[in-house]
Each structure stands twice: as structure tokens, then as C-alpha cells.
Amino acid sequence: MEVIIRENEEVACGMVARIIAKAVRKKPDLVLGLATGRTMEKVYAELARMHRDEALDFSACRTFNLDEYIGLEQDDVNSYHHYMDEHLFRHINIKPGNTHLPDGTADDLKAEARGYEEKMCACGGIDLQLLGIGQSGHIGFNEPLSSLMSRMRDKVLAPETIAQNGPLFKTGAMPKRAMTMGVGTILESRRALVLVTGEGKADILAESVEGAVTSRVTASALQLHPHCVVVVDEAAASKLQ
Ligand code: F6R
């Protein structure tokens, strides 16, 4: 695991966007694993700018998102389907059929989870997986005590996650469950690219990258990933030894 510290959020987000852009230019049909959340908004804005101003071409790129809330329709403003359209997909030339998010309204969530992993596999697996870290130490929605071997499944959200994301729900109550790739699924990606910014993440970042590898902090499992780069700003890095 390589940790790269940048002076502020803007520079850290710019670096992550450039790493993604370089990977897309090198392999136009890249299979990209995507995350949502506040941390990623500037990264997606920069990728959209690169598409507009620098002809960054996503036309052959395939994407698989990490997670989606259970029970939210795709057009619900709080859904991750909506987030991805708003922040990235509608600003770039990706083909809608090449973008994938789990369906949190599926009647049979187990079959949905299995089918999603099969689709990832049929595309050759994730080349580059983008990740944030939540206040509970989660990656995706792998809350504390998720097995480090876990696969895509539905998961009950931790109280810290409900406190973290609840304020984002302007309409309706935040679902208490989500579909998420498992820790085992994430560890199979060829490269992992983690972005963590802000003082509020300093403690959980230190636990994740310098603490024990434990299912109590599922982000710590990334220490086992053979090609993992963690880009952070100085505020998030403030508790590192
Ligand atoms: C979202 C996801 C989560 C977030 C994490 C950080 O798709 O997978 O693990 O990356 O909760 O969220 P923010 O960036 O809002 O602090």
C-alpha cells in the first residue's frame, strides 16, 4: 500500500482524476469500479472537464458501482443511480449500457448480487477500483465485522453510516440497508485507488492504513491488496505516524 499526501483536497482530487484518466487512455475499454459520496464529487467534476476540454474518451469504458441503497428507485434523487448521472455519466460520452449499479429494488436480492458479480466477471473483472472510506471504516458499505472474504450482498448499515449520510436525505428517510460489493470482491480488483480528504477522516484513515488488519475496520483489508494507492490531503493525513 502506497500513501500519497497532497497539500489540499483540490490537489488530491486532481491527482486521483489524472490517475483514472491515464488508465482510460492506456486501456480505452477499462473496467472501472466507482464509488459515490461527497469525497468523489470533485474527482468526477474533473473527469467531466477532461472529457470536455481534453477529449478524454469514455466510449469504450465499462463501469461497476460499489453499492446502492435498498428500496430506492433509480430516479429517486437520493439513489446512487441518480448521483452517478448527476455527477458523471451525463457529462461524459459513456454508453448507458456500459454502466452498472446494483438494483436495490430487486425482488430477489441474492439473485441480483450473484448476477452483478457474474457481469463483472464476464467483463474480465475490475481493472481499477475507486474507493472512499466511511466514518465506520467501511469500504463500499462493508460495515464493521463484515467478513474480509465477503461477496456482493445486502448489508445493514452501521449507526455511524446513518449519521454520516442521513443529513444528505432531503426527502424521505434514509434506507437502513444497502447492496454492496464485498471486501473479497474489492480485493480482487487489479488496482485499488483510495481517496480520503478532510480532518474528519484523520482518525479512521490512521486506523485503516496503520492499524491492524481487522474486520472491525474493513478499509484495513486494503493493506492486503497487492496494488493499492491511497491519496489523501494533509488534513486527513494529520493523525498518521
Ligand atoms: C459510496 C461508498 C462509501 C463512501 C464512504 C465515504 O459508494 O462506497 O464507502 O465512499 O462512505 O463517503 P463520503 O465521501 O461521503 O465521506
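Here the sequence shown is numbered in the numbering used here, starting from 1113 and rising by one per residue. We treat Cβ as the ideally placed atom computed from N, Cα and C, and that holds for glycine. Here the structure is a predicted model, which is why all the values come from computation and not from measurement.
query                                                                                                                                          : result
Going by DSSP, what residue range makes up the beta strand (DSSP E) through Cys1340?                                                           : 1340-1345
If we ignore side chains and look at the alpha-carbon of each, how far apart do Phe1201 and Leu1242 end up?                                    : 16 Å
By the DSSP assignment, the alpha helix (DSSP H) with Leu1317 in it spans what residues?                                                       : 1314-1322
Which of the three DSSP states, helix, strand or coil, is assigned to Leu1299?                                                                 : helix
Applying the 10 Å Cβ sphere with the 16-neighbour rule, what's the burial state of Ile1116?                                                    : exposed
Alpha carbon to alpha carbon, how far is Ala1234 from Leu1213?                                                                                 : 15 Å
When you compare only the Cα positions, how much space is there between Ala1225 and Asp1239?                                                   : 20 Å
Near Tyr1156, which residues of its chain fall below 6 Å by C-beta distance, leaving aside the five closest residues on each side in sequence? : His1199, Leu1200
Does the beta-carbon distance from Ala1172 to Asn1210 come in below 9 Å?                                                                       : yes
Starting from Asn1177, follow the beta strand (DSSP E) in both directions and report where the run begins and ends.                            : 1174-1177
What do you reckon, are the CB atoms on Ser1327 and Ala1318 nearer than 9 Å?                                                                   : no
Could you check whether Thr1217 and Gln1247 sit closer than 9 Å to each other, using their CB atoms as the reference points?                   : no
What are the complete alpha helix (DSSP H) segments, minimum 4 residues, inside the segment 1128-1171?                                         : 1153-1166
Between which two residues does the beta strand (DSSP E) carrying Leu1066 extend?                                                              : Since the first residue of the chain shown is 1113 and the last is 1353, residue 1066 is not available in this structure.
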